[in-house]
Amino acid sequence: MKKGRYGDFGGQYVPETLMKALDELEQAYNNYKNDESFQNELKDLLANYAARPSLLYFAKNITEDLGGAKIYLKREDLNHTGSHKINNVLGQVLLAKKMGKTRVIAETGAGQHGVAAATAAALFGMECEIFMGKEDTRRQALNVYRMKLLGAKVNAVTSGTQTLKDAVSETMREWTKRIDDTHYVLGSVMGPHPFPEIVRDFQSVISKEAREQIIKAEGKLPDAVIACVGGGSNAIGAFYNFINDKSVRLIGCEAAGKGVDTPENAATIANGSLGIFHGMKSYFCQNSEGQIAPVYSISAGLDYPGIGPEHAHLHKTGRAEYVPVTDKEAVEAFDYLSKKEGIIPAIESAHAVAHAKKIAGKMSKDSVIIICLSGRGDKDVAAIARYSGENIDE
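Shown next, in the form of structure tokens:
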């Protein structure tokens, strides 16, 4: 496979002004990823600041209720800041510090990546600005306030659909203005090389731990690993150390919104086609003229019109399955896990729980499913209440 490419996907499709920054980032990452002192510093942060390793929790109640495979939850929601996002952010901000940068910028959809970036910037004493679609600042008002409490400036983006794709575009534009002192902490396995590789490597700690934990608990590998997919950072983290284990089904759950046969969804694999956007070649939801189509999901974190290039490659080669999950199914799973296990998942993660509900009962009792619970649901409680027709104060 060529550098920066995952089969037909990936690459660097950016303005000339960004090539210097990408080359500098690639050189620095290639140096530090093999540097023992850097890796030891990151391990210490993950253990003593982010609270890793995260638990692999046997979900006894839903296992008994669904009557099939044993279900385990990889509890990324228990990390500091409440999601898997902190894994990648600690790595990237540490790298930025080593590179001599004094300012970080980041995009965010549901706000979890923005909160993680603001947290790491505060820890390292760096200036931080977050770009977030105006619609998402309304949907995730609690996380906007958390970012401000952490010292970050939050910029509401008013272009396009005022959601995640517009926030990414604005952050890339901002980066071109100040590449000398600023690092763009990209939040998912997307964008131009080397970002998909960097984010995947920092998130691969999820499957590294899960592999060791499930062998210790069950004496064997899982039969399936399930994770939600927008850009795909938690999913590639959950999949990565199982990719060479052909017996393990890898299942990504994308946002079908109000249905894949309606215009209101963000199901890229189901409805997308090959294109170039945000510096990468991958699958994107596009209109008949090839323009990026507006997408929709109840989940701000999955409301993105594309998917990371490594996921596109895993789909094309058949190594991973990608399935659509509707808003209705996700909300039902949100409610189900909350009531059955006493765990309120992020609405993103509820998409993965919804698919597990569909398949677990059809599997034998000695089968094992791992669901990556990418984040906690505090941020989504008000949105779920509104969806259910109940208004509450956030």
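Quick note: the sequence shown uses the UniProt record's numbering, first residue 1, plus one each step. Glycine is no exception: its CB is placed at the ideal position from the N, C-alpha and C atoms.
Which residues DSSP lists as bridging residue i, in chain order
i: tyrosine 57; result: Leu73
i: leucine 250; result: Val225, Ala320
i: threonine 81; result: Paired residue(s): none; threonine 81 is not in a bridge.
i: glutamate 182; result: As written in the sequence, residue 182 is threonine, which differs from the glutamate given in the question. Answer by DSSP bridge pairing, in chain order: Arg103.
i: tyrosine 283; result: Leu274
i: glycine 257; result: Thr326
i: threonine 108; result: Met132
i: glycine 306; result: Phe284
i: alanine 266; result: Ala255
i: isoleucine 292; result: Gln286
Any non-hydrogen atom of the ligand PLP within 8 angstroms of residue i CB
i: valine 331; result: Ligands displayed in this structure: none; no statement on the ligand PLP is therefore possible.
Residues near residue i by beta carbon distance below 6 angstroms, same chain, minus five either side
i: leucine 250; result: Val225, Phe239, Ala320
i: proline 309; result: Tyr6, Phe9, Gly10, Pro196, Met280, Ser282
i: alanine 256; result: Asn265, Ala267, Pro324, Val325, Thr326
i: phenylalanine 124; result: Val93, Lys97
i: serine 367; result: Ala69, Asp223
i: asparagine 234; result: His84, Ala227, Cys372, Ser374
i: aspartate 44; result: none
i: lysine 153; result: Glu129
i: threonine 163; result: Gly133, Glu135, Asp136, Asp303
i: aspartate 77; result: Leu373, Gly375, Arg376
i: alanine 354; result: Val325, Glu329, Ala330, Ala333
i: isoleucine 343; result: Leu337
i: leucine 314; result: Ala320
i: asparagine 155; result: Phe131
Residue from the options whose Cα sits closest to the Cα of residue i
i: lysine 258; options: Ala110, Ser273, Gly114, Val331; result: Val331
i: valine 14; options: Glu129, Asn155, Asn88, Gly191; result: Gly191
i: alanine 360; options: Ser54, Ala21, Gly4, Ala69; result: Ala69
i: serine 159; options: Ala50, Gln12, Met132; result: Met132
i: aspartate 245; options: Asp136, Tyr57, Leu221, Ser188; result: Leu221
i: methionine 126; options: Leu150, Ala312, Asn143; result: Leu150
i: tyrosine 72; options: Arg146, Cys372, Asp378, Glu329; result: Cys372
i: proline 263; options: Tyr145, Pro294, Asp35, Asp44; result: Pro294
i: leucine 95; options: Asp65, Ile370, Lys33, Ile344; result: Lys33
i: glycine 232; options: Val248, Gln162, Ala312, Glu289; result: Ala312
i: arginine 75; options: Arg376, Ser388, Asp380; result: Arg376
i: histidine 80; options: Leu66, Met99, Thr63, Ala120; result: Ala120
i: asparagine 61; options: Glu24, Ala50, Arg52, Tyr336; result: Tyr336
i: threonine 161; options: Phe202, Gly109, Cys128, Gly67; result: Gly109
i: tyrosine 387; options: Leu45, Glu329, Ser288; result: Glu329
i: leucine 90; options: Tyr145, Phe202, Leu25, Ser188; result: Phe202
i: isoleucine 369; options: Asn143, Ala217, Arg200; result: Ala217
i: arginine 178; options: Ser338, Lys101, Phe334, Pro305; result: Lys101
i: glutamate 24; options: Pro194, Gly219, Asp378, Ala51; result: Pro194
i: threonine 317; options: Lys148, Ile243, Met147, Asn155; result: Ile243
i: asparagine 31; options: Tyr49, Ser188, Val189, Ile198; result: Ile198
i: serine 188; options: Lys208, Glu107, Ala141; result: Glu107
i: serine 297; options: Gln291, Asp380, Val248; result: Asp380
i: leucine 142; options: Asp180, Asp378, Gly389; result: Asp378
Sequence-distant residues of the same chain with beta carbon closer than 8 angstroms to residue i, five excluded per side
i: glutamate 254; result: Cys228, Val229, Gly230, Ala266, Ala267, Thr268, Ile269, Ala270, Leu302, Ile307, Tyr322, Val323, Pro324, Val325, His351
i: tryptophan 175; result: Leu18, Ala21, Ile105, Thr182, Tyr184
i: serine 273; result: Tyr283, Phe284, Gln286
i: serine 364; result: Gly68, Ala69
i: threonine 63; result: Ala69, Lys70, Ile71, Ala360
i: alanine 28; result: Leu95, Lys98, Met99
i: arginine 146; result: Gly111, Val115, Ala118
Own chain residues within Cβ distance below 7 angstroms of residue i, not counting five before or after
i: isoleucine 392; result: Ala382, Ala385
i: valine 157; result: Phe131, Met132, Gly133, Lys134, Asp166, Ala167, Glu170
i: alanine 122; result: Leu150, Gly151
i: leucine 66; result: Lys357, Ala360, Gly361
i: arginine 139; result: Ala300, Ala383
i: serine 204; result: Gly237, Tyr240, Asn241
i: valine 260; result: Ala267, Ala270, Asn271, Pro324
i: serine 207; result: Gly237, Ala238, Phe239, Tyr240, Asn241, Phe242
Any 3 or more C-beta pairs closer than 8 angstroms across the region 341-353 and the region 269-277: no
Length-filtered (4 minimum) alpha helix (DSSP H) runs lying within the region 321-376: 327-341, 347-360
Touch test, the region 106-119 against the region 78-94, Cβ-Cβ under 8 angstroms, three pairs minimum: yes
Touch test, the region 55-74 against the region 205-215, Cβ-Cβ under 8 angstroms, three pairs minimum: yes
Complete runs of the alpha helix (DSSP H) confined to the region 6-72 [at least 4 residues]: 16-32, 36-48, 60-66
Beta strand (DSSP E) runs contained entirely in the region 117-195, provided each spans 3 or more residues: 127-133, 153-157, 182-184
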